[in-house]
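Asks:
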Amino acid sequence: MSNTLTIVAGFRAEPGQEQRLRDELNAMIAPSLAEEGCLGYQPYADPHRPDRMIIVEEWADEAALDFHFSLPHFQHVARVLEEILAEPFTLRRLTDVPA
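Reading the sequence shown from the start, the letters are residues 0 to 98 in numbering that gives the first Met the number 0.
Below, the structure is given as structure tokens:
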């Protein structure tokens, strides 16, 4: 069984902060994908609710995700999100279903 971890993070921007949310989450793609344990990292926007976005991430294991949380680019976006989100972001941790 794989230790792969899939993360679905949900975000809702304050009014007027929608583009900043998109910019900040898009800026996370390259540095996150450069991390050794990152297998995938993709933001998605809701076309009917511009204040809402999600990121779907895939990590080799829990240790890779924990390392991600410690890095400067994550620390930066976490501080920005505190300023621009209408509510705390949600984080769902998903694992493979055994066959």
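Where a beta carbon is used, it is the ideal one built from N, C-alpha and C, also for glycine.
Using a Cβ-Cβ cutoff of less than 8 Å, which residues in the same chain neighbour Met-17 once the five nearest sequence positions on both sides are dropped?
Replies: Contrary to the premise, residue 17 reads as Glu rather than Met in this sequence. Pro-49 and Asp-50, listed in sequence order.
Asks: Quick one: residues in its chain with C-beta nearer than 8 Å to the C-beta of Leu-38, no 5 flanking neighbours on either side, listed in chain order?
Replies: Excluding residues within five positions, the ones whose Cβ falls inside 8 Å are Thr-3, Glu-57, Trp-58 and Ala-59.
Asks: Using the C-alpha atoms, what's the distance from His-67 back to Phe-99?
Replies: It is not possible to answer for residue 99, since the shown part of the chain is limited to 0 through 98.
Asks: To the nearest angstrom, how far is the alpha carbon of Glu-82 from that of Leu-32?
Replies: Roughly 25 Å separates the two Cα atoms.
Asks: Nearest CA to the CA of His-75: which residue from Glu-23, Gly-15 and Pro-46?
Replies: Taking only the C-alpha atoms, the option nearest His-75 is Glu-23.
Asks: Less than 7 Å between the beta carbons of Thr-5 and Leu-93, yes or no?
Replies: Yes, the pair counts as a contact, with Cβ atoms nearer than the cut-off.
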